[in-house]
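Note that full-length UniProt numbering numbers the sequence shown so that position 19 is 19, with each residue one more than the last.
Note that the Cβ used here is the ideal one computed from N, Cα and C, for glycine as well.
Structure, as structure tokens:
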Amino acid sequence: MRRAIVRGTGHYLPERVVENSWFEDKLDTSDEWIRARTGIERRHFAAEDQRTSDLGILAAQAALADAGLDAGQIDAVIVATSTPDLTFPSVATMVQAGLGMRRGFAYDLQAVCAGFVYALANADAMIRAGLADRVLLIGAETFSRIMDWTDRGTCVLFGDGAGAVVLEAAEGQGTSADRGILATDLNSDGQYRDLLYVDGGVASTGTAGHLRMQGNLVFRHAVEKLADTAHRALDRAGLTPEQVDWLVPHQANLRIIEATAKRMRLPMEKVVLTVADHGNTSAASIPLALSVANAEGRFKPGDVLVAEAIGGGLAWGSVVLRW
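In structure tokens:
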């Protein structure tokens with residue numbers, strides 16, 4: 001059967017690095033307070049003239065270079081983002097143009113922090129169905145554009161960045177020993193939409209709005225739902241938590257990551273962590289973490305990875321893949 005294997009990874013982080021101390025003279029907060037509650041030490045903010053598509057193009061170029069491919073060999077571009085340059089056209093078409101890609105198709109996918117997991121599932125389905133042989137997936141965000149800088153409960157959490165993955169079709173035997181994406185699990189429940197949202201939009205206020213979050217409630221849902229979705233995906237793949245080599249979670253909060261790993265009975269030595277240096281980059285966090293860990297040589301052929309995320313909607317899900 002056709003499997004979607006990882007051919008290459010890449011990422012881009014804006015040059016501006018913002019340490020926790022930057023917030024101390026603007027809010028009633030401190031470096032110690034932020035670290036203790038989130039595990040975040042710093043994050044990157046895009047320059048004033050940088051758009052989400054700019055970050056995505058640079059991450060895509062890095063992933064293509066890692067894969068040894070050029071844009072003309074890509075069939076589809078999917079960008080997971082909640083912070084597009086414009087209402088339309090899609091960021092994905094802007095990335096397509098920026099890469100000089102004149103063939104194939106491109107579209108955006110919006111599931112907030114779970115966006116990249118949803119994008120992986122979309123690309124996997126297209127490759128299995130024979131609709132594409134190579135798909136370029138990008139998670140790119142400029143969340144600094146929608147921060148309320150008077151709200152210390154949210155503005156210290158988020159950063160900007162982009163990560164990218166090239167998926168390629170390969171033949172497998174249809175067993176859990178295959179390389180590539182083995183199983184996915186996607187979920188959403190709109191009754192919780194008020195826990196994490198942006199208070200603006202085209203059809204409501206006509207403005208971009210600001211991010212709003214009920215942090216304590218999001219925390220409780222995240223720990224429960226992330227562990228559950230990971231177990232379901234592993235069951236579908238015919239694997240157990242003991243066979244997982246790496247957990248690559250959405251990098252939202254260190255305490256959430258630690259609690260989820262504990263529920264999965266995974267030691268923190270098996271968890272990829274980038275939250276301290278990147279903060280929460282929403283849909284970009286998982287591809288950023290994948291790219292950073294891959295560049296460090298942490299993944300070995302045959303390793304089993306579980307990627308999981310939850311975001312506004314609420315929307316959540318997980319992907320099991322063999323490197």
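Query                                                                                                                                                                : Result
Just grab the DSSP bridge partners of Ser188 for me.                                                                                                                 : Ala315
For a test of the three-state rule: what should DSSP assign to Leu69, helix, strand or coil?                                                                         : coil
Mind checking whether Ala315 and Ala114 have CB atoms under 7 angstroms apart?                                                                                       : yes
Less than 8 angstroms between C-beta atoms, sequence neighbours within five positions excluded: which residues of the same chain meet that for Met147?               : Thr154, Cys155, Phe158, His210, Leu211
Pick helix, strand or coil for Asn20, following the three-state DSSP scheme.                                                                                         : helix
Go ahead and label Gly317 buried or exposed: buried means 16 or more other beta carbons lie within 10 angstroms of its beta carbon, across all protein chains shown. : buried
So the candidates are Arg145, Gly8, Ala4; which of them puts its Cα closest to the Cα of Val292?                                                                     : Gly8
Classify Leu58 as helix, strand or coil using the three-state DSSP reduction.                                                                                        : helix
Would you kindly work out how many angstroms separate the C-alpha atoms of Tyr12 and Ala59, rounded to a whole number?                                               : 5 angstroms
For Pro287 versus Ala164, is the C-beta spacing smaller than 7 angstroms?                                                                                            : yes
Helix, strand or coil: which one does DSSP assign to Glu269?                                                                                                         : helix
Should Asp70 and Ala92 be called a contact, given that it needs their Cβ atoms to be closer than 7 angstroms?                                                        : no
Pull up the distance between the alpha-carbon of Leu226 and that of Asp133, whole angstroms please.                                                                  : 30 angstroms
Quick one, are the C-beta atoms of Arg179 and Arg322 less than 7 angstroms apart?                                                                                    : yes
Measure the C-alpha to C-alpha separation of Arg42 and Leu305 and round it to an integer number of angstroms.                                                        : 26 angstroms
From the DSSP secondary-structure annotation, give me the bridge partner or partners of Asp108.                                                                      : Val79
Helix, strand or coil for Glu41 per DSSP?                                                                                                                            : coil
May I ask you to report which of helix, strand or coil DSSP gives Thr274?                                                                                            : coil
CA-CA distance, Tyr118 and Leu186?                                                                                                                                   : 7 angstroms
According to DSSP, which residues form a beta bridge with His210?                                                                                                    : Per DSSP, none; premise fails for His210.
Can you tell which of Ala289, Arg298, Ser30, Asp160 has the C-alpha that lies nearest to the C-alpha of Ala307?                                                      : Ala289
Taking Asp124 as part of the beta strand (DSSP E), name the residues at either end of that continuous run.                                                           : Unbroken run through Asp124 is the alpha helix (DSSP H), 115-129; no beta strand (DSSP E).
Whole angstroms are fine: how far does the CA of Leu234 sit from the CA of Gln243?                                                                                   : 9 angstroms
Let me check understanding here. Comparing Cα to Cα, which of Trp246, Gly98, His231 lies closest to Met268?                                                          : Trp246
With a 10 Å radius around its C-beta and 16 neighbouring C-beta atoms as the bar for buried, classify Thr229 as buried or exposed.                                   : buried
By alpha-carbon positions, which one of Leu273, Ser21, Val112 ends up nearest to Leu195?                                                                             : Val112
Should Asp189 go down as buried or exposed, given a rule of 16 or more other Cβ atoms within 10 Å for buried?                                                        : exposed
What residue range does the beta strand (DSSP E) around Ile5 cover?                                                                                                  : 2-12
What first and last residue would you give for the beta strand (DSSP E) that runs through Ala46?                                                                     : No beta strand (DSSP E) holds Ala46; DSSP gives it neither H nor E.
Tell me whether Trp22 counts as near the ligand ADP, meaning its Cβ is closer than 6 angstroms to at least one heavy atom of that ligand.                            : As for the ligand ADP, it is missing from this structure, which has no ligand bound.
Take the Cβ of Asn122 as the centre, count every other Cβ of all protein chains shown within 10 Å, and call the residue buried at 16 or more, exposed below.         : buried
In chain order, what residues of the same chain lie with their CB nearer than 7 angstroms to the CB of Ala67, ignoring the 5 residues before and after it?           : Arg7, Gly8, Val166
Any idea if Asn216 is buried or exposed, counting beta-carbon neighbours within 10 angstroms, 16 or more meaning buried?                                             : exposed
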